[in-house]
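Chemist:
Residue numbers (our numbering): 218 to 776.
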């Protein structure tokens, strides 16, 4: 079955989820209340803050290997001081709640709580001074999420952002452009949306091949509830969606009005985990290269023949490094990934709902003593690239990570609405864009989709446009969204990865006009040459006639 894990796993509260869940209503009910009081700037800020808490709390409980020792020690210090500050505050609260609290005891606890809080603030500030990307993952960091105005200032003029917030009875859509902001109420709550998203995934993924519909009824219902109320405010070609709750599992490209038209036909889609990550995915990078460095690992266990074909096609398009079968090891990832512009995994992916930090991509076993001990512990761990290990990679050179595997966009959602999975880990490692899957994707169709995606990238399209055009290409072969809507682009979709000569970037109509012009010019030249030839022939004939006439006259004179 297609699971939509919207709650912590059993027992998870004892291992890091509890702190956020205790504050769940702090970040939900006030969102709706602020909207009702016409304080939508505040409602947006509360929604953004709620998105970033759960992941950070759960992160502290996992064995995560960051990409340098200093970052590791800073993060450990933050975690320890945060725990000490919480314990001190709890002790102070309990002392004050006693029927006859001892004044001296309360005073001592107040001093201790203040000291622990100051130590935690110092730890957070040290992390912020070291690395803004690391600071973005710190629970209760000093810096607040972006305001609505700050988000608007970062949006390109061609982009509309829709940030959803899902409540129990009703929901909100924050619709933002560079020069406008509006909040729209949606008369649908969490339970109904969860049921319809689940139903859509069931109809797409588990229906027999002959019964897979072009547009299931659930896709139409979700389109009507989530997008029809917003359509008058979406006037740009690019749509940036920040999901919430069950919408993290929704293939937005598959939604449509029931007539056969789909959202994919109208806009280019990109997803973001939160609006506040925009500065990280948009940070300055080198200009697109004429020949980006591409690293491809595929078919690590020899069970995906189409993945090998896919990898070889990508290698031919970009002249990249391709590692197949037993060559596709974690050692190769660690040695080459930090210098690659594009990293492509065409292998099996496994989502672990009860332990999201253990979700992984399948790789070939590495030779002994070539990977860190944390990766070698356990049964055959070197044949996996786990979420916890991805945090240890340095991917700041990368422009794009493609996870051409199953369920790579899935993760565990807590009540605080943050996704713990592979995509979040690759963002932290430095990648601004991740293409990942929402379900168990079919091997053959995925191979064709990825080949078309890289072909469009090679042609100079942006990352988001390349995925959209590839999905439209495959849709003509496989009408059901099951075959092409499972892949989503998360992060920066605006940039192109190839720099083409100006003449190669001309649109089709310019080429058509140029062709017509050249044909007409050719005809004119041909006609000009023809006229020139006729004129010369006429002049030669005329001169010859005059010469003959002159000769005749002279001959007559001589007789």
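Think of the CB as a built atom: it goes at the ideal place given N, C-alpha and C, for glycine as much as any other residue.
Using a 10 Å radius around the Cβ and a threshold of 16 neighbouring Cβ atoms, would you call residue 248 buried or exposed?
Modeler: It is buried - the Cβ of residue 248 has at least 16 other Cβ atoms within 10 Å.
Chemist: How far does the beta strand (DSSP E) with residue 577 in it extend, from its first residue to its last?
Modeler: Taken as a continuous stretch (DSSP letters only), the beta strand (DSSP E) holding residue 577 covers 577-579.
Chemist: Buried or exposed for residue 732, please, with buried defined as at least 16 other CB atoms from any protein chain shown within 10 angstroms of its CB.
Modeler: Answer is exposed; the Cβ neighbour count stays below 16.
Chemist: If you count every other CB in all the chains shown that lies within 10 Å of the CB of residue 734, and 16 or more means buried, which is it?
Modeler: It counts as exposed.
Chemist: Report buried or exposed for residue 519, applying the criterion of at least 16 other Cβ atoms within 10 angstroms of its Cβ.
Modeler: Looking at its Cβ environment, which holds fewer than 16 other Cβ atoms inside 10 Å, residue 519 is exposed.
Chemist: Do residue 494 and residue 644 have their C-beta atoms closer together than 8 Å?
Modeler: It is a contact, given that the beta carbons lie within the stated cut-off.
Chemist: In terms of residue numbering, what span does the beta strand (DSSP E) encompassing residue 704 cover?
Modeler: Looking at the DSSP string, the run of the beta strand (DSSP E) that includes residue 704 is 704-708.
Chemist: When the Cα of residue 655 is compared with those of 737, 292 and 640, which residue comes out closest?
Modeler: When only C-alpha atoms are compared, the closest one is 640.
Chemist: Write down every uninterrupted run of the alpha helix (DSSP H) in the segment 461-506 whose length is 4 residues or greater and which is fully enclosed by it, in chain order.
Modeler: Counting whole runs of 4 or more residues, the segment 461-506 contains the alpha helix (DSSP H) stretches 480-483 and 495-498.
Chemist: With H, G and I counted as helix, E and B as strand and the rest as coil, what does DSSP make of residue 613?
Modeler: Three-state DSSP puts residue 613 in coil, outside helix and strand.
Chemist: Is DSSP giving residue 526 helix, strand or coil here?
Modeler: Note: residue 526 maps to helix in three-state DSSP.
Chemist: Give me the residue from 322, 266 and 603 with the minimum Cα distance to residue 573.
Modeler: Answer by Cα proximity: 603.
Chemist: If you count every other CB in all the chains shown that lies within 10 Å of the CB of residue 337, and 16 or more means buried, which is it?
Modeler: Counting Cβ neighbours within 10 Å, residue 337 comes out buried, since at least 16 surround it.
Chemist: Let me know if residue 233 comes out buried or exposed under the rule of 16 or more other beta-carbons within 10 Å of its beta-carbon.
Modeler: At residue 233 the pLDDT is 34, less than 50, meaning the model places this residue with poor confidence; the figure from the coordinates comes in the next sentence. It is buried - the Cβ of residue 233 has at least 16 other Cβ atoms within 10 Å.
Chemist: What's the call for residue 633, buried or exposed, on a 16-neighbour Cβ count within 10 Å?
Modeler: For residue 633, the pLDDT reaches just 40, beneath the cut-off of 50, and the residue's location in the model is therefore unreliable, although a value from the coordinates is still provided. That one is buried.
Chemist: Between the segment 421-434 and the segment 664-682, can you find at least three pairs of beta-carbon atoms closer than 8 Å?
Modeler: Contact between the segment 664-682 and the segment 421-434 is absent, because fewer than three Cβ pairs lie under 8 Å.
Chemist: Could you compute how far the alpha carbon of residue 720 sits from the alpha carbon of residue 463?
Modeler: Residue confidence for residue 720 is low, a pLDDT of 44 falling below 50, so the modelled location carries little weight and cannot support an answer.
Chemist: Sort 706, 366, 479 and 700 by Cα distance to residue 425 and report the nearest one.
Modeler: Nearest of 706, 366, 479 and 700 to residue 425, Cα basis: 700.
Chemist: In the DSSP assignment, find the alpha helix (DSSP H) that holds residue 554 and state where it starts and stops.
Modeler: Careful: residue 554 lies outside any alpha helix (DSSP H) and carries neither H nor E.
Chemist: Where do the N-terminal and C-terminal ends of the beta strand (DSSP E) with residue 682 fall, by residue?
Modeler: Per DSSP, residue 682 belongs to no beta strand (DSSP E); it is in the alpha helix (DSSP H), 680-694.
Chemist: Cβ atoms of residue 613 and residue 647: under 8 Å apart, would you say?
Modeler: Yes; because the gap between Cβ atoms is below 8 Å, this pair is in contact.
Chemist: Looking at the unbroken alpha helix (DSSP H) that takes in residue 668, where does it start and where does it end?
Modeler: Its alpha helix (DSSP H) spans residues 660-675.
Chemist: So residue 422 is in the beta strand (DSSP E); what residue range does that whole segment cover?
Modeler: It is not in any beta strand (DSSP E) - residue 422 carries neither H nor E in the DSSP assignment.
Chemist: Quick check on this structure: which residue in 569, 568 and 556 has the alpha carbon closest to the alpha carbon of residue 615?
Modeler: Nearest C-alpha to residue 615: 556.
Chemist: Taking residue 477 as the reference, give the member of 610, 415, 413 and 436 with the closest Cα.
Modeler: Checking every option, the nearest Cα to that of residue 477 belongs to 436.
Chemist: Candidates 649, 512, 333 and 446: which alpha carbon is nearest residue 294's?
Modeler: The shortest Cα separation from residue 294 among 649, 512, 333 and 446 belongs to 333.
Chemist: Can you name the start and end residues of the beta strand (DSSP E) that residue 438 belongs to?
Modeler: First-last for residue 438: 434-443, but that is the alpha helix (DSSP H), not the beta strand (DSSP E).
Chemist: Whose CA, out of 378, 577, 341 and 304, lies closest to the CA of residue 487?
Modeler: It is 378 whose Cα lies nearest to the Cα of residue 487.
Chemist: Applying the 10 Å Cβ sphere with the 16-neighbour rule, what's the burial state of residue 512?
Modeler: With 16 or more Cβ atoms within 10 Å of its Cβ, residue 512 is classed as buried.
Chemist: By how many angstroms is the C-alpha of residue 439 removed from the C-alpha of residue 693?
Modeler: Approximately 23 Å between the Cα atoms of the pair.
Chemist: In the structure shown, what three-state DSSP assignment does residue 327 receive?
Modeler: Helix, per DSSP.
Chemist: What first and last residue would you give for the alpha helix (DSSP H) that runs through residue 646?
Modeler: That run of the alpha helix (DSSP H) goes 639-646.
Chemist: Can you name the start and end residues of the alpha helix (DSSP H) that residue 371 belongs to?
Modeler: Where residue 371 is concerned, the enclosing alpha helix (DSSP H) stretches over 365-371.
Chemist: Within 10 angstroms of its Cβ, does residue 389 collect 16 or more other Cβ (buried), or is it exposed?
Modeler: Per the 10 Å Cβ criterion, buried.
Chemist: Report the rounded CA-to-CA distance for residue 386 versus residue 456, giving the unit in angstroms.
Modeler: Taking the straight line joining both Cα atoms gives about 26 Å.
Chemist: Pull up the distance between the alpha-carbon of residue 421 and that of residue 339, whole angstroms please.
Modeler: Roughly 50 Å separates the two Cα atoms.
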